[in-house]
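Those protein sequences? They're chains A and B, same order as listed.
By the UniProt record's numbering, the letter at position 432 of the first sequence is numbered 432, and the numbering carries on one by one without gaps.
By the UniProt record's numbering, the letter at position 100 of the second sequence is numbered 100, and the numbering carries on one by one without gaps.
Using N, Cα and C, we set each Cβ at its ideal position, and we do this for glycine too.
Report on the structure given below.
Protein chains: 2
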Amino acid sequence: MSIEPQNTPVSEIDLERLPLDIARIHELAESLLPVYSQIEENLPLPDEAMNQALVELIELMHELHPADVATVLESLPQKERMLVWHLAAPEEDGEVLLEVSDAVRETLIETMDKEELLAAVEDLDADELAELADDLPNQVVYEALKTRDEEERAQVQAAMSYEDDQVGALMDFELVSIRADVTCEVVLRYLRRFESLPDHTDKIFVVDDHDVLQGVLPIRKLLVADPEELVENVMATEVVRFRPEDDVEEAAQAFERYDLITAPVVDENKKLIGRITIDEMVDVIREETEADMLNMAGLQEEEDLFAPVLDSVRNRWMWLAINLCTAFVASRVIGAFEGSISKIVALAALMPIVAGIGGNSGNQTITMIVRAMAMGQLSGMRAGRLLRKEVGVALVNGLIWGSVMGVVAWLLYDSPGIGFVMVSAMTLNLLLAATVGVLIPVLMDKFGRDPALGSSVLITAVTDSGGFLIFLGLATIFLL
Amino acid sequence: MSIEPQNTPVSEIDLERLPLDIARIHELAESLLPVYSQIEENLPLPDEAMNQALVELIELMHELHPADVATVLESLPQKERMLVWHLAAPEEDGEVLLEVSDAVRETLIETMDKEELLAAVEDLDADELAELADDLPNQVVYEALKTRDEEERAQVQAAMSYEDDQVGALMDFELVSIRADVTCEVVLRYLRRFESLPDHTDKIFVVDDHDVLQGVLPIRKLLVADPEELVENVMATEVVRFRPEDDVEEAAQAFERYDLITAPVVDENKKLIGRITIDEMVDVIREETEADMLNMAGLQEEEDLFAPVLDSVRNRWMWLAINLCTAFVASRVIGAFEGSISKIVALAALMPIVAGIGGNSGNQTITMIVRAMAMGQLSGMRAGRLLRKEVGVALVNGLIWGSVMGVVAWLLYDSPGIGFVMVSAMTLNLLLAATVGVLIPVLMDKFGRDPALGSSVLITAVTDSGGFLIFLGLATIFLL
């Protein structure tokens, strides 16, 4: 994005400026940290430079879009984060809380008192309030609900009754609905009575007297339709729609597949109860692929970059513990061959190569399959075909790379026997990696578990213990 | 999604049926494979059952949305894929080619002759033709361009002149633009003259006589505006807009941040030349996060699930080779301590534990940082803060898990010395993992490289060699 000359009326949200702004905010926040308590209590600052820094920081924060304020807060260490949060525009507090990650949201809410929180959620829609409710103190939720009317209270409670991974938790209630037996002209006049239309309105929902969904009228069609035409002749009746119990990841894939902007949510009687929008689905897609990545690396959930050390330890301990257990098993496998190693100490140096290439190759296979599953490409496929192909790849790789390392080991230790054991062990471990790399995600999926979860740790466990066993076993048989 | 009772007029794209359809298509395709050549040459099939299977398969394929046809094709082994592709509705061929992954697209195009390809691309827009052009034979592109008018030819060539990761390659040219000095009533009448509006039209671009962008008129505002009001009083002048040279990932992040549906693309003189839409950006977000995941696992690019074995070998060999080199280095580190191992053979069994936990912990750190970088959270941040936190986490984990394994090793080998070396080595290797886990992505980013690329292989290399060196070194000093 380019910098704007002065003579054009178009102002611009400048994406190139954002990283510079963030860097500047970091600097200012750090320089103001010594006078944090004065700022918090609105006391005068000791010198003019500090005052200028404070003014600049406040101005920068007020210029930012709430989504950018959220990014700034996520990127700041905790103390600076509190300082900057204190200076952000209070009327945007609610929006910012919606945008930040769960981990950071908690740290922000902790610093706010009841009045600040009530003010922050005052202007939020029912679905947004429901999204925050889990993280807010009960008293705040209770008082926030008191100020809403009956209908909104019911909406908040409905949205809160669904799990985070259900469409119901993400739907909003800002709907424009019409009857099928009116003309497009009437619809246009009706719309003009609104002060503003809901965000992302790309279609109007057509319902009968009992709010049962009849179809949708895309705005694109409404705009080009003959004003005298009836809605029922213009509307689309082939509608992708969702139930509040539907899985959000499946909904997001439907949005992606069918290029949707909004879609209706209906209850079991086809009654229209809400809608979901592409912006929520984009977040789902981002979170879904990231969760796969974090899970494969052994992180339980998205972590605040500057979480206190003990929070981080808690987020990571489980996979480390599992890793230690599997490493211990591998260690016992080696322990069983201590006799062989004490006779040929070269085995100790060569065995990590066999284990390592198996782990690497197995991770390639498993990542490819987890990805294909996430995209719905593996439904209905029999794993046999895939297994045959992966075994083929492993065989070729094993013979090529096994031979390379076999020759190296032979020359290094001047022993053709060691070279032969190396080729065989590497090929066998790659075959094991391919087999397990296909079976782990296929079986996890069959038993209804998330195939990404810990699959990397599992395959490494198998290829480590298996690699040591194969290599040391072959060596014991053929070299001793 | 639920099954439709008969009495409602709304038909439904049923997401629950899709996996079942795909499974059925797999079965049918497999059963028809023996008569592939008869089907290809439109010869009668040997028996009635086969005929019925063929009819069912064709019907199923013709009912599917092009995006779903693409998923079906990606999920089929190559021979079945060719059979099914041959039976798909030819009028949707172009759309399907746009939807499939690059790897699968190549296999489909290979089976089509010039006439089929020309028919497939005939109805595509200029930007879509440009997207396929790289994969089409030159002769087909040439002839397809001949049938287009001057303006479209220029558009195709413009789109083809940008790199895949530039906004220009993804923009489309279907624009509705108006002048600022007309009334909303005039705009509505103007729109009614269109047969249909471009997909995803959520705003109309306001330009001056030289096509210079003045602002945008959101449809949401147009619909509620007073018809007598001038466009210039209703339009938004704070516009997120892009240059064709902009990076698509940055554009996608802007779409995500600012909840955009479409955005204008302008040239260096602010002249409006195209627009980008949310559906393309959703694909970018999906591909970006997946590329990070594939890269971290050591796969160069998205792979056709049923790629021939040698293609897969080619896609994966580089990381395997790098992994072998790093494993060889680790092996030589161990080799340097063969003397120590031959004296205390328990060292050989314990050393993979030290290396393994370092690799696991380092991958946790690096994944978290790569993710934060992808979200723009690390711009302007000094790595020092983050490093201090990660070192803290490593110290806690090292002392806890090191002590656990230290006690286990002590009991197992009845040697407090081995226990002590274990605690120290695990703690030191975790500290190494934390330091390198922060430094690798920060340095890669500083030198303009993609921090996801191979970071997992790199950190494992360091924690393996480092872990062996620390553990065997300490053992040599304190136990011999």
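Taking the Cβ atoms as the reference, valine 345 of chain B lies roughly 5 Å from serine 342 of chain A, within the contact range of under 8 Å. DSSP assignment within the segment 41–101 of chain B yields the following whole alpha helix (DSSP H) runs of 4 residues or more, N-terminal first: 48–63, 66–75, 78–87 and 93–99. Excluding sequence positions up to five before and after glutamate 122 of chain A, its CB lies within less than 8 Å of the CB of Gly94, Ala144 and Thr147, all in the same chain and listed in chain order. Along the segment 118–131 of chain B, there is no position whose C-beta sits under 7 Å from a C-beta of chain A. In summary, threonine 111 of chain B is exposed, with fewer than 16 beta-carbon neighbours lying within 10 Å of its beta-carbon over all protein chains present.
Membership of proline 416 of chain B in the alpha helix (DSSP H) is indicated by the continuous run 416–446. By the C-beta density criterion, cysteine 184 of chain B is buried, having at least 16 other C-beta atoms within 10 angstroms. Residues of chain A whose Cβ lies closer than 8 Å to the Cβ of glutamate 303 of chain B are, in chain order, Met368.
Exclusion of the five residues before and after methionine 422 of chain A leaves Met405, Gly406 and Ala409 as the residues of its chain whose Cβ lies within less than 6 Å of its Cβ.
Residues of chain A with a Cβ closer than 9 Å to the Cβ of methionine 422 of chain B do not exist; the shortest Cβ-Cβ separation is about 11 Å.
One finds nothing in chain A with a Cβ atom closer than 8 Å to the Cβ of lysine 271 of chain B; even the nearest lies about 11 Å away. With a threshold of 9 Å between beta carbons, glutamine 364 of chain B makes contact with chain A.
Around the C-beta of asparagine 269 of chain B, fewer than 16 other C-beta atoms lie within 10 Å, and the residue is accordingly described as exposed. In the DSSP assignment, valine 206 of chain A falls within the unbroken beta strand (DSSP E) covering 203–207. Within chain A, the residues Thr71, Glu74, Ser75 and Leu305 have their CB atoms less than 8 Å from the CB of glutamine 377 of chain B, given in chain order. Tryptophan 85 of chain B has a beta carbon lying at 9 Å or more from every beta carbon in chain A.
According to the DSSP secondary-structure assignment, leucine 217 of chain A is paired through a beta bridge with A/Ile204.
DSSP places arginine 449 of chain A outside both helix and strand once states are collapsed to three, so it counts as coil. A Cβ-Cβ distance of about 6 Å is found for the pair glutamate 40 of chain B and histidine 86 of chain B, placing them in contact under the 8 Å criterion.
Bridge pairing for valine 265 of chain B: B/Phe242 and B/Gly274 [DSSP].
Residue environment: aspartate 292 of chain B is assigned as buried (16 or more neighbouring CB atoms within 10 Å of its CB, all protein chains considered). CA-CA distance, glutamate 229 of chain B to lysine 221 of chain B, rounds to 11 Å.
Distances from the CA of glutamate 249 of chain A to each of A/Val212, A/Pro451, A/Val234 and A/Val167 were compared; the closest alpha carbon is that of A/Val167. Between tyrosine 413 of chain A and methionine 296 of chain B, the alpha-carbon positions lie close to 34 Å from each other. For leucine 230 of chain A, the secondary structure class from DSSP, reduced to helix, strand or coil, is strand. Residues are counted here when their Cβ sits less than 7 Å from a Cβ of chain A; for the segment 393–421 of chain B these are Val393, Val396, Asn397, Trp401 and Met405, given in chain order.
Taking a contact as a CB-CB distance under 8 Å, the pair proline 451 of chain B and serine 331 of chain A does not count as one, their CB atoms being some 32 Å apart. Contact check for aspartate 125 of chain B against aspartate 172 of chain B passes: the beta carbons are separated by less than 9 Å.
Residues of the segment 277–299 of chain A with a C-beta atom less than 9 Å from some C-beta of chain B are Thr277, Ile278, Asp279, Met281, Val282, Asp283, Ile285, Arg286, Glu288, Thr289, Glu290, Asp292, Met293, Leu294, Met296, Ala297, Gly298 and Leu299, listed in chain order. Of all C-beta pairs linking the segment 320–330 of chain A to the segment 302–310 of chain A, fewer than three are shorter than 8 Å, placing the two stretches out of contact.
Counting the other Cβ atoms within 10 Å of the Cβ of glutamate 163 of chain B gives fewer than 16, which makes it exposed.
By the neighbour-count definition (other C-beta atoms within 10 Å, threshold 16), valine 438 of chain B is a buried residue. Burial is judged here by how many other beta carbons sit within 10 angstroms of a residue's own beta carbon; leucine 480 of chain A has fewer than 16 and is exposed. At the C-beta level, isoleucine 285 of chain A and threonine 262 of chain A stay beyond 9 Å of one another.
Within its own chain, no residue has a Cβ closer than 6 Å to the Cβ of lysine 389 of chain A once the five positions on either side in sequence are excluded. Under the Cβ criterion of 9 Å, threonine 460 of chain A is counted among the residues facing chain B.
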